[in-house]
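K.L.:
Here the sequence shown stands for residues 436 to 843, where the numbers follow the working numbering.
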Amino acid sequence: MHSAVLLIEFGSIILGLGLLGRFAARFRLSPIPLYLLAGLAFGEGGLLPLGASEEFVSIGAEIGVILLLLMLGLEYTAGDLVTNLKAHYPSGLVDGALNALPGAAAALLLGWGPVAAVVLAGVTWISSSGVIAKVLGDLGRVGNRETPVILSVLVLEDLAMAVYLPIVTALVAGAGLLAGSLTLAIALGAAGLVLFVAVRYGRLISRFVSSDDPEKLLLVVLGLTILVAGVAQQLQVSAAVGAFLVGIALSGEVAEGAHTLLSPLRDLFAAVFFVFFGLHTDPASIPPVLLPALALALITAATKIATGYWAARRAGISPKGRWRTGGALVARGEFSIVIAGLAVSAGIEPSLGPLATAYVLILVILGPLTARYTEPLATRLTTRRHPPETPGPSSSRVTEATVGRDGT
């Protein structure tokens, strides 16, 4: 009987997610807020709490985080990461300072303590690569001159995750200074070793994993990723970091093939992860933190726009492109929830989960709007403040003479 209830509940979850995804696609929205709302509706204090399938959903959520980070790693080669780090690290430093500090300050002002401050700093820092990539595609900006700047900021954030996640994992586990330092040293050593091996022996690794049979390629890559993620978690490094490093180590045709095969699985289990996070958030706990979440969202939307503007200006992009860069970076999503999930699982601060949920819901909706309207709004305000000069009679005659000489 328990098995039948589990199948009914889990089947209903998957069917509901599919319908929500189709609804979001029709209006060109990110499905993330809908998945979170679904979790809120069927979790603690929701409309129809689930019971039998919770453990199964929990395992699916863990796999979702692992696949999110694996697919992220497959997007980059080790050489790309090293090049981006050398060329754009000042933008990464500005990004971290402007967007992590407001989250840390908010946690301290709310009296949550230093561990929650480190966690909330990560929640407000990391932009949503998935939402931003979709928005750029929908707006037809993939080929724009400012797009490489946007991608470089996202790459640096992903690199920072490899250092940040082990720190958070150690802190929420209550590890002392010595144990935390050892965890960080292991994480940095592992990341450095993987980057070195990937640069020097990436082709050999990819050749070992490669297979003409899609079934065998899928099993080997998925099995290797989950195995490494498990070993990383056993070492208190973070399963997500282990999966990210596996993705970096694979390159060429293997990475492309694995990306194609794993994309549907990633989408499935990532959706389950968002539902799982919502299941563990009581809807009644959101209204008390809604005002701080809204204030934090508005502040960090402004700081992300400033980050993008500064990074694009440094790259020599025109003012309009600078505003487009800043507006595109506003959305937060999957990784903010991953970070908050670590603290929620450890019971660090009861209000942190609801605040993170409300914060992501606000910015995952606001992000596409800022990407679309920041540049035209900024251009309009700038034009009103500094209207173009109306040429006088003498300048008109000069213009006419110039046009006549140049023939243009």
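Ideal Cβ placement from N, Cα and C applies to all residues, glycine included.
With a threshold of 7 angstroms on Cβ separation, who are the neighbours of T582 within its own chain once the five nearest residues in sequence on each side are excluded?
P.N.:
Locating residue 582 in the sequence shown gives position 147, where the first residue counts as 1. L571, R576, listed in sequence order.
K.L.:
Identify which residue in L726, G761, K521 has its Cα closest to the Cα of G743.
P.N.:
Mapped onto the sequence shown, residue 743 falls at position 308. The shortest Cα separation from G743 among L726, G761, K521 belongs to G761.
K.L.:
For the alpha helix (DSSP H) that A568 lies in, which residues bound it at each end?
P.N.:
Walking along the sequence shown from the start, residue 568 turns up at place 133. That run of the alpha helix (DSSP H) goes 564-573.
K.L.:
By a C-beta neighbour count over all protein chains shown, 10 Å radius and 16 as the cutoff for buried, is G839 buried or exposed?
P.N.:
For this step, residue 839 is matched to residue 404 along the sequence shown. In this predicted model, G839 has a pLDDT of only 38, less than 50, meaning its place in the structure is not dependable enough to derive any value.
K.L.:
Inspect the beta-carbon positions of L733 and A766 and report whether they are closer than 8 angstroms.
P.N.:
In the sequence shown, counting from the first residue as 1, residue 733 sits at position 298. In the sequence shown, counting from the first residue as 1, residue 766 sits at position 331. Cβ atoms of L733 and A766: not closer than 8 angstroms.
K.L.:
Counting pairs of beta carbons, one from the region 641-656 and one from the region 676-690, are three or more of them closer than 8 angstroms?
P.N.:
Because the criterion of three Cβ pairs below 8 angstroms is met, the region 641-656 and the region 676-690 touch.
K.L.:
Cβ of G782 within 8 angstroms of Cβ of N579?
P.N.:
Stepping through the sequence shown from its first residue, residue 782 is reached at position 347. Stepping through the sequence shown from its first residue, residue 579 is reached at position 144. It is not a contact, given that the beta carbons lie outside the stated cut-off.
K.L.:
Using the three-state DSSP reduction, which class does F709 fall into: helix, strand or coil?
P.N.:
For the purposes of this step, residue 709 is identified with residue 274 of the sequence shown, where counting begins at 1. It is helical.
K.L.:
Flag this pair as yes or no: are the beta carbons of T559 and L731 separated by less than 8 angstroms?
P.N.:
Stepping through the sequence shown from its first residue, residue 559 is reached at position 124. Stepping through the sequence shown from its first residue, residue 731 is reached at position 296. Contact flag set, yes.
K.L.:
Out of curiosity, what's the CA-to-CA distance linking L574 and L725?
P.N.:
In the sequence shown, counting from the first residue as 1, residue 574 sits at position 139. In the sequence shown, counting from the first residue as 1, residue 725 sits at position 290. When rounded, the distance between both Cα atoms is 30 angstroms.
K.L.:
Is DSSP giving L450 helix, strand or coil here?
P.N.:
Working through the sequence shown from its first residue, we reach residue 450 at position 15. The answer is helix: DSSP assigns L450 an H, G or I state.
K.L.:
Leaving out five residues before and five after I464 in sequence, what residues of the same chain have Cβ atoms less than 6 angstroms from its Cβ?
P.N.:
To locate residue 464, count along the sequence shown from 1; it is residue 29. One detail in the question is off: residue 464 reads as Leu in this sequence, not Ile. Nothing meets the Cβ criterion.
K.L.:
Would you be able to state if there are at least three C-beta pairs under 8 angstroms between the region 689-704 and the region 768-780?
P.N.:
No, the region 768-780 is not in contact with the region 689-704.
K.L.:
Please say whether A439 and L452 have beta carbons closer to each other than 8 angstroms?
P.N.:
Along the sequence shown, one-based indexing puts residue 452 at 17. Along the sequence shown, one-based indexing puts residue 439 at 4. Result no, Cβ atoms of L452 and A439 do not sit closer than 8 angstroms.
K.L.:
Considering only their Cβ atoms, is the gap separating E510 from I561 smaller than 8 angstroms?
P.N.:
What you label residue 561 is simply residue 126 of the sequence shown in a count that begins at 1. What you label residue 510 is simply residue 75 of the sequence shown in a count that begins at 1. Cβ distance not < 8 angstroms, so I561 and E510 don't count as in contact.
K.L.:
Does K844 pass the burial test, meaning 16 or more other C-beta atoms within 10 Å, or should it be called exposed?
P.N.:
In the structure as shown, the chain begins at 436 and stops at 843. Residue 844 is therefore absent and cannot be evaluated.
K.L.:
Within the region 745-799, note down every full alpha helix (DSSP H) run reaching 4 residues or more, in order along the chain.
P.N.:
Qualifying alpha helix (DSSP H) stretches, in chain order: 754-763, 769-781.
K.L.:
Count the other CB atoms within 10 Å of the CB of I494; is the residue buried (16 or more) or exposed (fewer)?
P.N.:
Residue mapping note: residue 494 aligns to position 59 of the sequence shown, counting from 1. With fewer than 16 Cβ atoms within 10 Å of its Cβ, I494 is classed as exposed.
K.L.:
State the DSSP-derived secondary structure class of H715, mapped to helix, strand or coil.
P.N.:
On the sequence shown, position 280 is the one that residue 715 refers to. Coil, per DSSP.
K.L.:
Buried or exposed, going by whether 16 or more other CB atoms sit within 10 Å of the CB of R819?
P.N.:
For this step, residue 819 is matched to residue 384 along the sequence shown. R819 comes out exposed.
K.L.:
Alpha carbon to alpha carbon, what distance is there between G627 and V554?
P.N.:
In the sequence shown, residue 554 corresponds to position 119, counting from 1. In the sequence shown, residue 627 corresponds to position 192, counting from 1. C-alpha separation (whole angstroms): 24 angstroms.
K.L.:
Expressed to the nearest angstrom, what Euclidean distance is found between the alpha-carbon atoms of F708 and P727?
P.N.:
Counting from 1 along the sequence shown, the entry for residue 708 is found at position 273. Counting from 1 along the sequence shown, the entry for residue 727 is found at position 292. If you take the alpha carbons of F708 and P727, they lie about 25 angstroms apart.
K.L.:
Taking the alpha-carbon positions, what's the V655 to M506 distance?
P.N.:
Position 220 of the sequence shown holds residue 655. Position 71 of the sequence shown holds residue 506. Looking at the two C-alpha atoms, the distance is approximately 15 angstroms.
K.L.:
If we count the other Cβ atoms within 10 Å of its Cβ and call it buried at 16 or more, is P722 buried or exposed?
P.N.:
For the purposes of this step, residue 722 is taken as the residue at position 287 of the sequence shown. With fewer than 16 Cβ atoms within 10 Å of its Cβ, P722 is classed as exposed.
K.L.:
Looking at the secondary structure, which residues open and close the alpha helix (DSSP H) in which F679 lies?
P.N.:
Residue numbering aside, residue 679 sits at position 244 when the sequence shown is read from its first letter. Unbroken alpha helix (DSSP H) run through F679: 674-684.
K.L.:
Straight-line CA distance for F704 to V681?
P.N.:
Position 269 of the sequence shown holds residue 704. Position 246 of the sequence shown holds residue 681. If I take the Cα positions, the gap works out to 18 angstroms.
K.L.:
Can you name the start and end residues of the alpha helix (DSSP H) that L844 belongs to?
P.N.:
Since the first residue shown for the chain is 436 and the last is 843, residue 844 is missing from the structure and cannot be characterised.
K.L.:
Check whether the Cβ atoms of T716 and P803 sit closer than 8 angstroms, and answer yes or no.
P.N.:
Locating residue 716 in the sequence shown gives position 281, where the first residue counts as 1. Locating residue 803 in the sequence shown gives position 368, where the first residue counts as 1. Contact: no.
K.L.:
Distance, Cα to Cα, V795 vs L764?
P.N.:
Position 360 of the sequence shown, counted from the first residue, corresponds to residue 795. Position 329 of the sequence shown, counted from the first residue, corresponds to residue 764. Each residue's Cα considered, the two are about 13 angstroms apart.
K.L.:
Can you grab the Cα-Cα spacing for the pair G538 / L659, in whole Å?
P.N.:
If you number the sequence shown from 1, residue 538 lands on position 103. If you number the sequence shown from 1, residue 659 lands on position 224. Taking the straight line from one Cα to the other gives about 35 angstroms.
K.L.:
Distance, Cα to Cα, A806 vs A568?
P.N.:
The count along the sequence shown starts at 1 and reaches residue 806 at position 371. The count along the sequence shown starts at 1 and reaches residue 568 at position 133. Taking the straight line joining both Cα atoms gives about 11 angstroms.
K.L.:
Can you grab the Cα-Cα spacing for the pair A747 / G446, in whole Å?
P.N.:
Taking the first residue of the sequence shown as position 1, residue 747 is located at position 312. Taking the first residue of the sequence shown as position 1, residue 446 is located at position 11. Cα to Cα, A747 sits roughly 46 angstroms from G446.
K.L.:
Between L586 and L516, how many whole angstroms is the CB-CB distance? I'm expecting something under 8 angstroms.
P.N.:
Position 151 of the sequence shown, counting from 1, holds the residue named residue 586. Position 81 of the sequence shown, counting from 1, holds the residue named residue 516. Not really, about 12 angstroms apart at Cβ, beyond 8 angstroms.
K.L.:
If you compare alpha carbons, which of A667, V632, R635, D647 is closest to I621?
P.N.:
Taking the sequence shown and counting its residues from 1, one reaches residue 621 at position 186. Out of A667, V632, R635, D647, A667 has the C-alpha closest to the C-alpha of I621.
K.L.:
Along the chain, where does the alpha helix (DSSP H) that runs through D648 open and close?
P.N.:
Along the sequence shown, one-based indexing puts residue 648 at 213. Counting along the chain, D648 falls outside any alpha helix (DSSP H), and DSSP gives it neither H nor E.
K.L.:
For the putative contact between A778 and A535, defined by C-beta atoms under 8 angstroms, what is the C-beta separation to the nearest angstrom?
P.N.:
Here residue 778 refers to the residue found at position 343 of the sequence shown. Here residue 535 refers to the residue found at position 100 of the sequence shown. Actually they do not touch by this definition, with Cβ atoms about 15 angstroms apart.
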